[in-house]
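To convert, count from 1 in the sequence shown and add 20; that's the working numbering.
Structure first, commentary second.
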Amino acid sequence: MSFSLIAAACGGNDDGTGGTESSSESDADDADSGGDADSGGDDATDDGGDGGDEDVDSVDAGVQEEVVETDEDEQGPTQGGVLRYGLEADVDGINPTSSALSSPGLTMANAVFDTLAAVSVDGEAVPYLAESIEPTDDTFTTWQVTLREGITFHDGTPLNAEAVQINFETQRADGLVGLAVRPFFPEENASEVIDDLTLQFNLLDGNRYFPYTISGQLGYVASPAWRAAALEDPTLNQAPVGTGPFIFEQRSEDSVTTFVRNDDWWNGDVWLDSIEFSPVTDPDSRTDLLLEGDLNALQTTNPPSVEIMREEEGIQNVVDESGEEGIAMKNTSAPPFDDIRAREALARATPLQNYRDLIGLGISTDANQRYTPGSPYYNPDVVQVGDDPDGALALVAEYCAERGTETNPVLETTTCTDGRINIELQWSGPSVVQTRIADILDEGWTAGGFTVTFAEKPQDAHIQATALAAFNVNPWRQFGAEDPSADNVWRLCRSIEFISLNWPRNCNEEKDALLIEGQLMENGPEREALYQQVEQITNDEYLYVYFLHSIWDNAFGPEVRGVCDRFAPGGEELICSTNGRTWFDTVYLVE
């Protein structure tokens, strides 16, 4: 549900920066599945892309800190070997048209699927499976995607415009993934086959940054024959068929998922014999397995793990701090957080400094908004409240005096008992770090007038509950798109349905108008000022408590090579990690 589809990112929980999808997830994140509990976010769409449009400027999309230190072997890459990769969690399936792909799911999907566009190290969305991605006019409401010739799926089905349209329309119709698609396309004539290799997308609103939306989950293209079979037999959601560098072999949920080399991959040689993905939900255990040689690689947002691996000789770290933020997210659609006084009270009661000291450990960067201080969209005037229990108590008293007898639908009790607000804190586990985070928050919120009930759920159930508004407050990972327009799926009023990707279910028409306007603006001071204004509005609504900017680390053992050697067919150097996801087509092993 992590559209992280769209990205990032959906939200959900994380190793220790405040939780996640969503968020695809990066991006929609893809619409990319962007939020994360990961939900989130991702992946998604980004900044905008060159896609053949010379007027589109690139931004500092997912520029990452690379700490890859390897001595390349003199003979170069050779085929062979099994890469054992540790994931932070498992997902409910690996079907890009229907599955909730948070960061772990997107990482596995990168092995078996290719995307229509990819993001370069310069922050541009460049054609990948597509040969070109171009707007038809200067309104940026229609885009034509022309595919490369001669590409086939693993089952022999040809890649053509009809196959892409089938994927897109299936995503648009899906109850979950469609939440990242429907708000941005008309009900009819959303896509048109122009010729065998060209598909036209018709948007509701102009968006000069559209190519980023097809660089994550919404850009994965699955075999239409497999997709049809999976609609009849949902167990096939666990056995994906794409065009990617690896072919699905076997999967045991919450255990091991295996992909084997595709010797006929359209974009060049693939070196590894196979990849084995294993979910290890405890970050300390995951780190130990890498250091002991039981894993060759892993993903983590746990600051202590990142610090250990940075200091360990021979470990290669690809670190990305430009994406998702660790937050606590409030459900504004029901008591108590439909009342801004309760939301502000929780923000004031939050032990920000304690959280950052004990969880961030001086390793992760403090966050008080969506953007890092180095971003052109960062608003230095945004001041987040916190560490103010007395201020919280005053607001709690006022709220309970007026609304204390109403019902909290999550807890099925009154909103207040003995002058204290009753809330549930829900997170994804089992996780030692998440439990520690809960204890830290509980201590501060209790002092600020809240009575906190804990609820630990598996990640997929946690994301589902969040999408259905069955929560009061959740730790989450959110946002993380390379361009701010790609995070609109998490913010717009139109993203609120029975199932919602606007997780807080907050609707602000003024903010919506600014976000839609930002999709069309060229990068520059005017656009930067617009997004800074959006951050101030969001801060004033008390929707989120920002803790830390997630520090994603894809760590690799000394025997791994080629992690950041990726290039698009057009020669552009591509990012090798974003929001916890990485790619495997250039990876190889040495003794």
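By construction, the Cβ of each residue, glycine as well, lies at the ideal position given by its N, Cα and C atoms.
Over the uninterrupted beta strand (DSSP E) stretch that includes residue i, give me the two end residues.
i	result
G346	345-350
Q211	Checking the sequence, you will find Ser at residue 211 rather than Gln. Counting along the chain, the beta strand (DSSP E) containing S211 begins and ends at 211-215.
S152	150-155
A145	145-147
A138	137-139
Please list the terminal residues of the continuous alpha helix (DSSP H) segment that includes residue i.
i	result
N337	First-last for N337: 336-340, but that is the beta strand (DSSP E), not the alpha helix (DSSP H).
G411	409-423
N187	181-193
N322	Where N322 is concerned, there is no enclosing alpha helix (DSSP H), given that its DSSP letter is neither H nor E.
Y551	545-561
S305	303-311
R168	Segment: none, R168 is in no alpha helix (DSSP H) and carries neither H nor E.
W246	244-252
N494	Note, N494: premise wrong, no alpha helix (DSSP H); beta strand (DSSP E) at 493-498.
Y375	372-375
R361	360-369
R456	452-467
H482	479-487
G538	529-540
Let me confirm a value: residue i is counted as buried when at least 16 other C-beta atoms fall within 10 Å, else exposed. Which label applies?
i	result
N180	buried
G143	buried
S305	exposed
I186	buried
F474	exposed
T602	buried
S272	exposed
E41	Since pLDDT at E41 reaches only 34, below the 50 mark, its modelled position is unreliable, and the value read off the structure follows with that caveat. Buried, by the Cβ-count rule.
T135	buried
D289	exposed
T425	exposed
E611	exposed
G600	buried
T427	exposed
D52	In this prediction, D52 scores a pLDDT of 36, lower than 50, which makes its location untrustworthy; no coordinate-derived value is stated.
Q270	exposed
F604	buried
So if DSSP puts residue i in a beta bridge, which residue, or which two residues, is it bridged to?
i	result
H569	E345, T385
L609	V580
Q270	T278
N222	T162
F297	Y105, T277
T473	E444
F587	E593
V509	None, per the DSSP bridge assignment.
P400	Answer is none; P400 lacks a bridge partner.
N574	Q319, V338
N428	T433
Y564	M349
R601	T598
Y240	T135
Of all the options the options, which has the alpha carbon lying nearest to the alpha carbon of residue i?
i	options	result
S119	E189, P254, A245	P254
A137	D560, V146, A129	V146
N399	V201, E476, D407, Q389	Q389
A485	A387, G582, N351, V416	N351
G125	D134, G113, E502	G113
L552	E426, Y232, Y391	Per the sequence presented here, residue 552 reads as Gln, with Leu not at that position. The option with the nearest alpha carbon to Q552 is Y391.
S515	T177, T218, F204	F204
T558	F491, E364, L251, G590	E364
Y232	N508, D560, R581, D605	N508
P450	E476, L315, D410	E476
N528	N543, E555, D503	E555
G264	V452, L521, F133, T127	F133
L373	A362, L251, L366, D386	Here residue 373 turns out to be Gln, not Leu, going by the sequence shown. The candidate whose alpha carbon is nearest that of Q373 is D386.
D503	W163, P478, V184, E344	E344
I295	F518, T127, D560	T127
A250	I267, T190, S384	T190
L415	I360, F499, V452	I360
Q.
With a threshold of 8 Å, are at least 3 pairs of Cβ atoms found where one atom belongs to the segment 556-567 and the other to the segment 327-338?
A. Touching, no.
Q | Three or more C-beta pairs below 8 Å linking the segment 380-397 and the segment 421-433 | A | With the cut-off at 8 Å, the segment 380-397 and the segment 421-433 do not touch.
Q: Could you tell me whether the segment 401-420 touches the segment 574-583, using the rule of 3 or more Cβ pairs below 8 Å?
A: Between the segment 401-420 and the segment 574-583 there are fewer than three C-beta pairs closer than 8 Å, too few to call the two in contact.
Q. Are the segment 438-448 and the segment 460-480 touching, with three or more C-beta to C-beta distances below 8 Å?
A. Touching, yes.
Q. Between the segment 294-304 and the segment 95-109, do at least 3 Cβ pairs fall closer than 8 Å?
A. Two segments are said to touch when three or more pairs of C-beta atoms, one from each, lie closer than 8 Å; by this definition the segment 294-304 touches the segment 95-109.
Q) Three or more beta-carbon pairs under 8 Å between the segment 585-603 and the segment 391-408, yes or no? A) Segments in contact, no.
Q) Given 8 Å as the limit, is there contact between the segment 336-356 and the segment 492-509, that is, 3 or more CB pairs closer than that? A) The segment 336-356, when compared against the segment 492-509, does touch it at the 8 Å Cβ threshold.
Q: Examine the Cβ distances between the segment 166-178 and the segment 95-104 and report whether three or more of them are shorter than 8 Å.
A: Cβ pair count under 8 Å is below three, so no.
Q) On the three-pair Cβ rule with 8 Å, is the segment 156-167 touching the segment 209-228? A) Using a C-beta cut-off of 8 Å, the segment 156-167 makes contact with the segment 209-228, since at least three inter-stretch Cβ pairs fall below that distance.
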